[in-house]
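Student: Protein sequences, first through last, are from chains A and B.
Sequence positions in the first sequence follow my numbering and run 1 to 324.
Sequence positions in the second sequence follow my numbering and run 1001 to 1272.
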Amino acid sequence: MGTYRNKGNKATKEGFGEGILEAARRNKNVVGIGADITHSVNLSLFAAAFPERYISLGIAEQNCMGAAAGLALSGKIPVFPTYAVFSAMRTTDFVRISVCYNNLHVVIGGGHAGISVGPDGATHQALEDVAIMRVMPNMTVLSPCDSTQARKAAIAAVEQIEGPVYIRFGRAPAPNFTPASLEFIPGKAQIMKEGSDISIIATGVLVWEALQAAKILRKEGINARVINLHTIKPLDKETILDAARETGRIITVEEHQKMGGMGSAVAEFLAASHPVPIHFIGVDDRFGESGQPGELMKKYRLNASAISREARYLLSPDQEPPEL
Amino acid sequence: MDTEKLSETSRDIRIDIIRSLSKAGSGHLGGSLGMADVFTILYFHVLNHRPEEPDWPERDRMVLSAGHIAPVLYATLAHAGYFPKAELMTLRQLGSRLQGHPGRDHRLPGLELSAGSLGQGFPVAVGMALAGKMDKRPWKVYCVAGDGELQEGSMWEAAMAGGFHKLDNLTLIIDRNGVQIEGHTEDVMDLEPLTDKWTAFGWHVINCDGHNHTDLIHAFDEVDTIKGRPSVIIATTKMGKGVRSIEDNYRWHGKPPSKEETEDFITQIKES
């Protein structure tokens, strides 16, 4: 893998909507469920193209999730995106029983994920959704790193995955940098940059920040490997194990609570297979707040400088720890 | 099936419910006995289904939302020929296809949905009915819910959706036994005026005696004449129906009969 160029900022929700539209063009069984924020989660592209396959169910997420299960039981491939705070939390019991226990192919979209939602504040910033979704048996959890990848992930969610799938995406425009040729294989992590001193395992829009951190570190003589863990469940154990064995130190980076998220998934696996020091970058057991996305990412230490600081500290523990 | 045979079938289903719960040593007796007549009419008169071909795509769907009364569903499915009646005696045991609350992962023929967390099966039934409408299929969706279950907010989300989308291929049957775990519904959280509520949500409402087979058949016949809106049958039932010594007693919501009670209850069923 070479260097990546930002082709222009684009929210991952854009790619999600484009991917669903494309998958729906290829498969007439794809149906969409709207909960009053169809435009906001970019299902509106699908709804405009296939009004006869779009179902408005209003601000009633529990019923939406149950109905999605019923549609899946009747030969449809339902796509139900809403804000992640609702699709993962308002409806949790419906996800668990109606969707996951019945093991149904429902494509659940978690929009407005992470703190980069911005001015809407803590109520709408999902920082717990990955933790909840990944503990559900049968569930696949996807967290694409940019809009281009979100498009591919949405198509894969419809066409390649058989059971329940949760796909996480964000609202704020973010660097769109992966090449169109980069294949998206669910469950197969991508080594975005080779490196031997330390591994930075990132997910979602913070993969870009991890790459920027690796650039900063490179100038200091630190050769960091950057892994895009776009599938949080099932975990790509092989790639993670190689990273632990070959670099000996790991930093996980996610726009999510440290507890229970992607970093926890990596740590659970490595603790039992090949324990190495792991540092976690994420939100530290607190709620978010209003602010511009960039301001919040800085305040909550979810950017390249925070990642590079953490890497220096992990490599030289006698240094002062990064301030919290 | 003639009326005499229907009565005989619901009596036999009740006896099998008692025996399977007695063997299991746990489970929900009262509600299961109370719905034996509704299930008999559904599976032996109303549903267009093929027990020998459980996944027949054109079958009517019957979704049990109140998963805790699974024993009546299982006993009815066995009597309808979906699986051997002897399997009823494996209820709630390790490795059984008859889970305490219905679980499709155990592949029981005829079981449409894993359910048991109240307020979920009905939204799923709405989704099935939406799919049937979208594909213009003639099959229908029936859903059985408890009256206490109507205290779940999701039931009213689904009710709103059913009325709004004019799902005349969907029928909800409410087990109106008036009791829930802690007592009478009007003391725990009153549901009345129930008919007015459903009417306001755009549903055609039919009240009937949930133990009178003729009344039930008329109710389902009436449903077939209703176009442009979904129907709800509010079936008045008695928890524990058929065993006079426990009828209407909410303490029998969630317990099985002891060994001594088992034979006494079966005798009462036979004499009722």
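Just so it is clear, CB atoms sit at the ideal spot from N, CA and C, and this is done for glycine as well.
Spatial neighbours of Y1142 of chain B within its chain, please: CB distance less than 6 Å, with the 5 preceding and 5 following residues excluded, ordered by chain position.
Tutor: Answer for Y1142 of chain B: M1062 and T1171, listed in chain order.
Student: With a CB to CB cut of under 8 Å and the five nearest residues on each side skipped, what residues in its chain are close to V85 of chain A?
Tutor: Around V85 of chain A: H112, T123, H124, Q125, A126 and D129.
Student: So what does DSSP say about Q347 of chain A, is it helix, strand or coil?
Tutor: In the structure displayed, chain A extends from 1 to 324; residue 347 of chain A sits before or after that span and is not available.
Student: Counting pairs of Cβ atoms below 8 Å between the region 1113-1132 of chain B and the region 1028-1044 of chain B, do you hit three or more?
Tutor: The answer is no - the region 1028-1044 of chain B does not touch the region 1113-1132 of chain B, with fewer than three Cβ pairs under 8 Å.
Student: Following the continuous beta strand (DSSP E) through T91 of chain A, name the residue where it begins and the one where it ends.
Tutor: Neither: T91 of chain A is in no beta strand (DSSP E) and is coded neither H nor E.
Student: Using a Cβ-Cβ cutoff of less than 6 Å, which residues in the same chain neighbour V1126 of chain B once the five nearest sequence positions on both sides are dropped?
Tutor: So the list reads A1158, A1161 and G1162, once near-sequence residues are dropped.
Student: Within this structure, are the beta carbons of E1247 of chain B and K1255 of chain B separated by less than 8 Å?
Tutor: No, the Cβ-Cβ distance between E1247 of chain B and K1255 of chain B is not below 8 Å.
Student: Return no unless some Cβ of chain B is closer than 8 Å to the Cβ of D93 of chain A.
Tutor: Taking Cβ atoms only, chain B reaches closer than 8 Å to D93 of chain A, which makes this a yes.
Student: At least one CB of chain B closer than 8 Å to the CB of L71 of chain A: is that the case?
Tutor: Output row for L71 of chain A: interface = yes.
Student: Of all the options A:H39, A:E61, A:I132 and A:S74, which has the alpha carbon lying nearest to the alpha carbon of R1137 of chain B?
Tutor: Measuring from the Cα of R1137 of chain B, the nearest candidate turns out to be A:S74.
Student: Where are the alpha helix (DSSP H) runs, 4 residues long or more, that stay fully inside the region 153-222 of chain A, in chain order?
Tutor: Counting whole runs of 4 or more residues, the region 153-222 of chain A contains the alpha helix (DSSP H) stretches 206-219.
Student: Cβ closer than 7 Å: which chain B residues qualify as neighbours of L57 of chain A?
Tutor: Result: A1161.
Student: Between A172 of chain A and A11 of chain A, how many whole angstroms is the CB-CB distance? I'm expecting something under 8 Å.
Tutor: So it is a contact: roughly 6 Å between Cβ atoms.
Student: In chain B, what lies closer than 8 Å to I325 of chain A by C-beta?
Tutor: Outside the modelled stretch of chain A, which goes from 1 to 324, sits residue 325 of chain A, for which no answer is possible.
Student: Report the residues of the region 100-129 of chain A with a CB closer than 8 Å to any CB of chain B, ordered along the chain.
Tutor: From the region 100-129 of chain A, only Y101, N102 and N103 have a Cβ closer than 8 Å to chain B.
Student: Taking its Cβ as the centre, do 16 or more other Cβ atoms sit within 10 Å of I1018 of chain B, making it buried, or is it exposed?
Tutor: Answer is buried; the Cβ neighbour count reaches 16.
Student: Taking 8 Å as the threshold, find out whether the region 301-313 of chain A comes into contact with the region 202-218 of chain A through three or more Cβ pairs.
Tutor: Result yes; three or more Cβ-Cβ pairs closer than 8 Å.
Student: I'd like the span of the alpha helix (DSSP H) that includes E1157 of chain B, first residue to last.
Tutor: From DSSP, the alpha helix (DSSP H) with E1157 of chain B extends over G1153 to F1164.
Student: Count the other C-beta atoms from every protein chain shown that fall within 10 angstroms of the C-beta of L1108 of chain B, then say buried if there are 16 or more, exposed otherwise.
Tutor: Looking at its Cβ environment, which holds 16 or more other Cβ atoms inside 10 Å, L1108 of chain B is buried.
Student: Please tell me whether L1111 of chain B and S1020 of chain B are closer than 8 Å, where the distance is taken between their beta carbons.
Tutor: It is not a contact, given that the beta carbons lie outside the stated cut-off.
Student: Do W1252 of chain B and S1231 of chain B have their C-beta atoms closer together than 8 Å?
Tutor: In this structure, S1231 of chain B does not lie closer than 8 Å to W1252 of chain B by Cβ.
Student: Is it buried or exposed for G1228 of chain B, if we count other Cβ within 10 angstroms and need 16 for buried?
Tutor: Counting Cβ neighbours within 10 Å, G1228 of chain B comes out exposed, since fewer than 16 surround it.
Student: Take every Cβ of the region 183-202 of chain A, pair it with every Cβ of the region 212-228 of chain A, and state whether three or more of those distances are shorter than 8 Å.
Tutor: Cβ pair count under 8 Å is three or more, so yes.
Student: In whole angstroms, what is the alpha-carbon distance linking Y83 of chain A and G1081 of chain B?
Tutor: About 45 Å.
Student: Which residues, taken in chain order from the region 76-90 of chain A, show a beta carbon closer than 8 Å to some beta carbon of chain B?
Tutor: Those would be K76 and P78, in chain order.
Student: Suppose the cutoff is 6 Å on Cβ atoms and the five residues either side in sequence are ignored; what does the same chain contact list for N103 of chain A look like?
Tutor: Excluding sequence neighbours, N103 of chain A sits near N138 and G163.
Student: Suppose you measure from the CA of R134 of chain A to the CA of C100 of chain A; what does that come to, to the nearest Å?
Tutor: Going by the C-alpha atoms only, they are around 11 Å apart.
Student: Tell me, please, whether the CB atom of A131 of chain A is closer than 8 Å to any CB atom in chain B?
Tutor: No, A131 of chain A lies away from the interface with chain B (no Cβ there is under 8 Å from its Cβ).
Student: Report the neighbours of A68 of chain A on chain B: residues whose CB is nearer than 7 Å to its CB, in chain order.
Tutor: G1127, listed in chain order.
Student: Nearest CA to the CA of R5 of chain A: which residue from A:A156, A:A180, A:H256 and A:V283?
Tutor: It is A:A180.
Student: So the alpha helix (DSSP H) R134 of chain A belongs to, where does it begin and stop?
Tutor: Run containing R134 of chain A: D129 to R134, per the alpha helix (DSSP H) assignment.
Student: Any beta-carbon of chain B closer than 8 Å to the one on N63 of chain A?
Tutor: Chain B contact via Cβ: present.
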